[in-house]
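Numbering (the numbering used here), first residue to last: 23 to 432.
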Ligand code: SF4
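Structure follows, in structure tokens:
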């Protein structure tokens, strides 16, 4: 029996994958700190160069502080960076995320080793726990058939495939019995859920809504081209969070075309205005400094972002990923310009977030995560001022917006 610590980088899909590994630990024990561990499993992210360097820094730190601990490297970075990390003896073992349910045997394996499996499988582990969280992340889908020119994910996660609906419903049922009431549905491209099985994300949501004990469901990122009338209807159900994360990536059609994106501004704008009229707070992902992004493209995008009813934004500075089409574009936007453009966009969305709450009339429903704070139905962090330690669901009827934070009284 070995003691194993998991370090997770990246998105919610990785959080779920880590839970799958925890569930498959067999006789090994889970520990909550590197200092207690015989082995550390690093579930890596490969979405940007930055995510890779954060993982490398972590590896260096663990190697320095705990030289006897075995380091196992998995996740999206395993296929691309795993071999070189192993060669440099920075890690002791590498296995691709498609092999994660075999984690117990990798912990026991004679090191060093590297094992990269075929893409194309889908998890069938039913989680009975979700460690350290008050809400549970449930992976409904894996892989992506889109071909965005900057993105390395389809090559590491494979083609789009969906988890069997029965398994998802059983999974949510089990977790509600363990006391979970909030669920986040994740995947690489969840809008494509069910397409190869003749069903859809909307149909899945309608069934999840019938499970007793489900209080709130939120979706991970959805592509604008995948949101149709039926999905909007399903999203309007009372158990759904009033927050949508719609991945736009840019607001200039010229840049969107060179990114090989399927969305364009006019239809994006119509969709977001419709969702906002339905009461949704709307977040997006946006790439700043794509190689073909000229000053004019940025100015156009700024004017257009001002028109969009956005409340949240996840800004990525473009970084070339080896093997992608965009990486071969010779031009580059310099780092200083990227930082300036980024700040400009951040400021616009921050003001919009505040305006959203200034005109908000609904009571905020918050599931406390820690230190008297948690997320409301619009996916904003709310902090309660109270001398008591609050747990579970809390309503905020009176609140104020303070330095970018929502502060509520109990
Ligand atoms: S939709 Fe585009 S950005 Fe998203 S995972 Fe697929 S290829 Fe990558």
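Don't be surprised by glycine CBs; every beta carbon is placed ideally from N, CA and C.
From what residue to what residue does the beta strand (DSSP E) around residue 96 run?
-> Start and end: 92–97.
Take residue 153 and list the residues in its own chain whose beta-carbon comes closer than 8 Å to its own, dropping the five residues that flank it on each side.
-> Cβ neighbours of residue 153 beyond the five flanking positions: 41, 44, 52.
Reducing DSSP to helix, strand and coil, say where residue 274 ends up.
-> Three-state result, residue 274: coil.
Can residue 293 and residue 246 be called in contact, C-beta distance under 8 Å?
-> Taking 8 Å as the Cβ cut-off, residue 293 and residue 246 qualify as a contacting pair.
Please say whether residue 267 and residue 239 have beta carbons closer to each other than 8 Å?
-> For the pair residue 239 and residue 267, the CB atoms are not nearer than the 8 Å cut-off.
Let me know the alpha helix (DSSP H) ranges lying completely inside the segment 348–405, each 4 residues or longer, listed in chain order.
-> Fully enclosed alpha helix (DSSP H) runs of 4 or longer: 357–380.
Can you name, in chain order, every residue of its own chain whose Cβ lies under 6 Å from the Cβ of residue 227, other than the five neighbours on each side?
-> Taken in chain order, the residues that qualify are 256.
Are at least three pairs of beta-carbons, each pair with one atom in the segment 212–229 and one in the segment 159–174, less than 8 Å apart?
-> Yes, the segment 212–229 touches the segment 159–174.
With distances taken Cα to Cα, identify the nearest neighbour of residue 427 among 119, 407, 414, 230.
-> Minimum Cα distance to residue 427 is reached at 407.
Report yes if the C-beta distance between residue 405 and residue 429 is below 8 Å; otherwise report no.
-> For residue 405 and residue 429, yes; Cβs fall inside 8 Å.
What does DSSP give as the partner residues of residue 183 in its beta bridges?
-> The partner list for residue 183 (beta bridge, DSSP) reads 164.
Neighbourhood of residue 326 by C-beta distance below 8 Å, restricted to the same chain and skipping five residues each side | The residues are 273, 274, 287, 291.
Going by other Cβ atoms of all chains shown within 10 Å of its Cβ, with 16 needed for buried, is residue 89 buried or exposed?
-> So residue 89 ends up on the exposed side.
heavy atom of the ligand SF4 below 7 Å from residue 176 C-beta | Residue 176: yes, Cβ under 7 Å from the ligand SF4.
Integer-rounded CB distance, given that residue 398 should sit under 8 Å from residue 386 | Contact flag correct, Cβ pair sits at about 4 Å.
Buried versus exposed call for residue 260 [16 or more other C-beta atoms within 10 Å across all chains shown] | With fewer than 16 other Cβ atoms inside 10 Å of its own Cβ, residue 260 counts as exposed.
Going by the beta-carbon positions, is the gap between residue 148 and residue 193 smaller than 8 Å?
-> A contact, by the Cβ cut-off of 8 Å.
Considering only residues of the same chain and omitting the five flanking positions on each side of residue 57, which have a CB-CB separation below 7 Å?
-> The beta carbon of residue 57 sits closer than 7 Å to the beta carbons of 88 from its chain, once the five residues preceding and following it are set aside; these are given in chain order.
Inter-residue spacing [alpha-carbon to alpha-carbon] between residue 331 and residue 63 | The alpha-carbon of residue 331 is positioned some 40 Å away from that of residue 63.
How would you write the range of the beta strand (DSSP E) that residue 423 sits in, first residue to last?
-> Looking at the DSSP string, the run of the beta strand (DSSP E) that includes residue 423 is 421–424.
Going straight from the alpha carbon of residue 431 to that of residue 75, what length do you get?
-> Cα to Cα, residue 431 sits roughly 41 Å from residue 75.
Is the beta carbon of residue 195 sitting closer than 8 Å to the one on residue 144?
-> In this structure, residue 144 does not lie closer than 8 Å to residue 195 by Cβ.
May I ask you to verify whether the segment 334–349 touches the segment 380–396, counting CB pairs closer than 8 Å and requiring at least 3?
-> Contact between the segment 334–349 and the segment 380–396 is not established, with fewer than three Cβ pairs separated by less than 8 Å.
Could you check which residue in 298, 312, 314 has the C-alpha nearest to that of residue 329?
-> Selected option, being the one with the closest Cα: 298.
Candidates 381, 138, 323, 322: which alpha carbon is nearest residue 95's?
-> Distances from the alpha-carbon of residue 95 to those of 381, 138, 323, 322 put 138 closest.
Closest residue to residue 357 among 323, 312, 343, 351 (Cα-Cα distance) = Out of 323, 312, 343, 351, 312 has the C-alpha closest to the C-alpha of residue 357.
Cβ-heavy atom distance, residue 168 to the ligand SF4, below 7 Å | Indeed, a heavy atom of the ligand SF4 lies less than 7 Å from the Cβ.
Counted within 10 angstroms of its Cβ, other Cβ atoms place residue 119 as buried (16 or more) or exposed = Here residue 119 is buried: its Cβ has 16 or more other Cβ atoms, across all protein chains shown, within 10 Å.
What residues match up with residue 304 in a beta bridge as DSSP calls it?
-> As computed with DSSP, residue 304 is found in a beta bridge with 266.
Residues in its own chain within less than 8 Å of residue 167 by CB, not counting five upstream and five downstream?
-> These residues qualify, in order along the chain: 176, 181, 182, 211, 214.
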